[in-house]
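Report on one structure; see the data block that follows.
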Amino acid sequence: MEKADIGLIGLAVMGENLVMNMESKGFRVAVFNRTADKVDRFTHGRARGKNILGAHSLEEMAGMLKKPRKVMLMVKAGSAVDTLIGSLLPLLDAGDIIIDGGNSHFTDTIRRTKVVEDRGLLYVGAGVSGGEEGALRGPSIMPGGSPGAWRHVKPILQAIAAKADGAPCCDWVGGDGAGHFVKMVHNGIEYGDMQLIGEAYFLMREALRMNNDEMSAVFGEWNKGELNSYLIEITRDILAYRDGDGQPVLDRILDTAGQKGTGKWTSMAALDEGVPLTLIGEAVFSRSLSAMKEEREAASSILGGPAPEYKGDRYAFLEDIKDALYASKIVSYAQGYALMKAAAGTYGWDLGYGSIALMWRGGCIIRSAFLGRIKEAFDRDAGLANLMLDPFFREKLERAQAGWRRTVSFAALNGLPAPAMASALAYYDGYRTARLPANLLQAQRDFFGAHTYERTDRPRGEFFHTNWTGEGGSTSASTYEA
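Residue numbers (the working numbering): 59 to 540.
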């Protein structure tokens with residue numbers, strides 16, 4: 059029997075769709091699932107007549123694969139991945155490759171890469187974005203791990219990936235956990251994009267009293283211009299969708315948002331790196347606040363505030379909302395790229411920032427026309443410190459700034475929460491401010507904890523302590539944290 063090109067473990071929807079995608083591109087695939095009957099249902103049903111082999115044990119799957127054997131895991135992140143790696147290692151040989159296509163935390167991937175490499179095998183942590191449809195028709199794939207694995211997995215992963223202008227939305231990201239880190243940041247930006255769109259919708263609904271059809275038309279128009287993206291497109295369609303009785307489905311969905319944790323991971327990584335990822339952090343906390351449904355409903359009858367009312371030109375206000383959404387989106391990506399740059403320094407990754415933008419242009423949830431501009435920005439300046447400093451994005455921020463400020467001001471004055479737009483504006487203003495009030499903060503730290511400070515009239519790197527009360531003496535803390 060002819061050997062399979064790759065094996066895949068985990069026949070949930072994503073796993074099944076990836077197998078069908080691989081088979082449709084001419085690859086022979088062996089499949090395994092912890093419950094054998096799922097293998098049989100798949101091979102005798104959806105995969106019947108396809109170039110797909112069912113295995114009822116890991117040993118059987120290992121025997122079905124061409125060397126170097128390539129085994130892709132599509133299982134829940136966490137202990138299940140470690141368990142499978144432990145079971146596979148005795149069955150595989152030096153040079154064989156294990157690929158984790160789940161949403162694993164990048165630090166786990168760093169650890170697993172070392173464990174697998176120490177046994178003479180190769181490991182790939184591949185972030186896969188695009189959901190069920192993307193898995194079947196072409197996702198964005200962000201692989202990293204053992205560099206020696208890339209030439210073996212590249213033909214398969216690039217074949218099944220989405221294409222943007224003919225180029226596969228898949229390229230090598232970097233060593234050990236780089237692929238899963240970039241996927242994590244992608245998901246964090248996704249949180250931010252979704253929150254920003256939600257705030258735009260909320261302002262239209264509450265301040266302008268627009269109905270769903272009117273809002274759908276606005277999002278449809280926005281999707282024809284610089285805001286063109288998958289998330290704007292589906293927002294248009296969601297607003298237009300009707301239930302069986304003709305009423306909007308959206309109005310019957312409870313306002314409590316779930317999350318799987320990747321946005322939280324992104325925020326935690328930013329705290330570890332000391333990168334102000336404020337917009338994505340607000341998006342994560344907004345989901346947490348939405349989950350407090352009963353508490354919010356009780357508070358709504360106790361806590362007072364203004365009644366939102368917009369009395370001006372509604373079309374002008376819609377343009378302001380659009381500007382606020384676009385400018386805040388620039389900030390979201392600027393923060394995400396700043397985080398990737400900081401992590402690259404910490405973990406020794408050589409990240410291609412322009413190529414990452416290209417990988418996100420097709421297949422993934424945040425795909426948009428906007429990403430091509432990011433590629434151009436890094437083509438102009440590979441060492442760009444912050445995306446907002448690129449001439450294109452700088453001009454866009456300047457153009458949108460007045461409408462952005464009017465939108466955030468209106469929301470605050472009228473009691474409408476728009477935390478992502480507001481935090482984006484605060485970051486923009488903070489970043490462009492040459493002298494922030496942190497001098498007072500540092501004086502306070504030195505006053506109560508002798509943490510020392512730097513002076514404006516002395517070179518950077520020299521630290522001083524003041525005996526503020528006359529009783530503290532000259533002893534200062536042994537460490538300084540900026």
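All residues carry an ideal CB built from backbone N, CA and C; glycine is no exception.
- For Leu180, the secondary structure class from DSSP, reduced to helix, strand or coil, is strand.
- In the DSSP assignment, Phe522 is bridged to Tyr511.
- Take Asn525, set aside five residues on each side of it, and the residues of its chain with a beta-carbon closer than 8 Å to its own are Gly531 and Ser532, in chain order.
- Within the same chain, Cβ atoms closer than 8 Å to the Cβ of Ile338 are found at Gly246, Ile247, Tyr249, Gly250, Gly321, Thr324, Ser325, Ala328, Ser390, Gln393 and Gly394, the five residues on either side in sequence being excluded.
- Inclusion of Ser413 and Lys433 in the CB contact set at 9 Å is warranted, their separation being smaller than that value.
- Residue Thr293 holds the alpha-carbon nearest to the alpha-carbon of Ile255 among Asp229, Arg267, Thr293 and His238.
- Listed in chain order, the non-local C-beta contacts of Trp280 below 7 Å within the same chain comprise Ile290 and Lys380, local neighbours out to five positions each way being set aside.
- The straight-line gap separating the alpha-carbon atoms of Thr314 and Ser467 is approximately 26 Å.
- Met200 is positioned such that its CB atom lies no closer than 9 Å to that of His163.
- Residues Met122, Leu123 and Lys124 of the same chain have their beta carbon placed closer than 7 Å to that of Lys61, with the five preceding and five following residues left out of the count.
- Uninterrupted alpha helix (DSSP H) stretches at least 4 residues long and entirely within the region 248-280 occur at 270-280, given in chain order.
- In this structure, DSSP gives Lys108 a state outside helix and strand, which the three-state scheme calls coil.
- Note that the region 350-361 does not touch the region 221-236; fewer than 3 beta-carbon pairs, one per stretch, sit closer than 8 Å.
- In this structure, DSSP gives Met479 a helical state, which the three-state scheme calls helix.
- Taken through DSSP and simplified to helix, strand or coil, Asp371 comes out as coil.
- Under the Cβ criterion (8 Å, minimum of three pairs), the region 330-347 counts as touching the region 477-490.
- Apart from the 5 residues on each side of it in sequence, Ala184 sits with its Cβ closer than 6 Å to the Cβ of Ile157, Gly159, Ile199, Pro201 and Gly237 in its chain, given in chain order.
- Between the alpha carbons of Met78 and Asp95 lies a gap of roughly 18 Å.
- Counting other Cβ atoms within 10 Å of its Cβ, Phe100 reaches 16 or more and is therefore classed as buried.
- In the three-state scheme derived from DSSP, where H, G and I count as helix and E and B as strand, Phe85 is classed as coil.
- Looking only at Asp515, Gln253, Gly362 and Ile424, the smallest Cα-Cα distance to Leu347 is reached by Gln253.
- Under DSSP, the beta-bridge partners assigned to Ile67 are Phe90 and Leu131.
- Closest option to Leu483, judged by alpha-carbon separation, among Asn472, Glu456, Leu266 and Ala508: Glu456.
- CA-to-CA, the gap between Phe277 and Ala427 works out to about 15 Å.
- Here the alpha carbon of Met59 sits roughly 22 Å from the alpha carbon of Val211.
- In this structure Lys454 touches Tyr384 by the C-beta definition: roughly 7 Å separates them, less than 8 Å.
- Judged by DSSP secondary structure, Ile290 falls within the alpha helix (DSSP H) whose first and last residues are Tyr288 to Ala298.
- Taking the CA atoms as reference points, Arg345 sits about 11 Å from Gly319.
- Note on geometry: alpha-carbon atoms of Ile218 and Ala193 lie some 8 Å from one another.
- Taking the CA atoms as reference points, Leu66 sits about 42 Å from Phe451.
- Shown here, Ser426 sits in a strand according to DSSP, grouped into three states.
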